[in-house]
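Student:
Residue numbers (my numbering): 4 to 154.
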């Protein structure tokens with residue numbers, strides 16, 4: 004039991020690190036675009052200048068949306084109670100199946116802990132929706148494959 008709580012803690016920390024890294028990358032990109040936008044000087048090719056500014060503005064808007072998405076991920080992580088155990092899978096659960104091992108949290112991809120691959124998935128993802136609320140012995144159909152929850 005202690006080992007599973009330790010693994011859940013490591014998975015949570017890996018997801019938090021994923022979110023923090025992504026946030027930092029987006030903020031750096033926004034700063035870079037902001038500097039480029041400010042340094043863009045009017046040239047003799049006016050249309051080219053305006054097109055460049057418009058493209059930078061679009062990049063800034065896209066980065067702003069990505070930052071909002073990262074904030075939503077942080078909010079999801081804040082809802083996770085690492086010490087909580089349940090017979091029914093919920094946010095923060097580690098779900099072991101005959102196909103893979105999942106961590107229901109945010110979509111952070113594959114996380115390697117003690118030579119075991121865990122897949123951090125959002126509860127809003129297709130597999131996350133299937134696993135949410137399931138329990139040991141449940142059979143889930145996903146991508147024409149039967150997945151059996153083992154633990």
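Note that beta-carbon positions come from the ideal geometry of N, C-alpha and C, so glycine has one too.
#1: Find the nearest neighbour of residue 66 within the set 151, 26, 89 and 82, judged by alpha-carbon distance.
#2: Based on Cα-Cα distance, which residue from 144, 76, 34 and 78 lies nearest to residue 64?
#3: Pairs of beta-carbons, one from the stretch 118–125 and one from the stretch 143–153, closer than 8 Å: are there three or more?
#4: Identify the continuous beta strand (DSSP E) that holds residue 131 and give its terminal residues.
#5: Please confirm whether residue 91 and residue 138 have their CB atoms less than 7 Å apart.
#6: For the stretch 105–115 against the stretch 13–27, are there 3 or more C-beta pairs whose distance is under 8 Å?
#7: Determine whether the beta carbon atoms of residue 69 and residue 29 lie at a separation below 7 Å.
#8: Can you tell me whether residue 107 is helix, strand or coil according to DSSP?
#9: Exposed or buried, which one is residue 3 when buried takes at least 16 other CB atoms within 10 Å?
#10: Give me, in chain order, the residues of the same chain whose beta-carbon lies closer than 7 Å to that of residue 151; leave out the 5 immediate sequence neighbours on both sides.
#11: Which residues does DSSP list as the beta-bridge partners of residue 90?
Tutor: So, to answer that:
#1: Counting from 1 along the chain shown, the entry for residue 66 is found at position 63. Ranking 151, 26, 89 and 82 by Cα distance to residue 66 puts 26 first.
#2: Mapped onto the chain shown, residue 64 falls at position 61. Selected option, being the one with the closest Cα: 34.
#3: No, the stretch 118–125 does not touch the stretch 143–153.
#4: Counting from 1 along the chain shown, the entry for residue 131 is found at position 128. Here residue 131 belongs to no beta strand (DSSP E); instead the alpha helix (DSSP H) covers 129–134.
#5: Mapped onto the chain shown, residue 91 falls at position 88. Mapped onto the chain shown, residue 138 falls at position 135. Yes. Within cutoff.
#6: yes
#7: Numbered from its first residue, the chain shown carries residue 69 at position 66. Numbered from its first residue, the chain shown carries residue 29 at position 26. For residue 69 and residue 29, yes; Cβs fall inside 7 Å.
#8: Counting from 1 along the chain shown, the entry for residue 107 is found at position 104. Residue state, collapsed to three classes: strand.
#9: Shown here, the chain extends from 4 to 154; a query on residue 3 therefore has no answer.
#10: For this step, residue 151 is matched to residue 148 along the chain shown. Hits under 7 Å: 100, 101 and 142.
#11: Sequence index remark: in the chain shown, residue 90 carries index 87 (1-based). The partner list for residue 90 (beta bridge, DSSP) is empty, contrary to what the question assumes.
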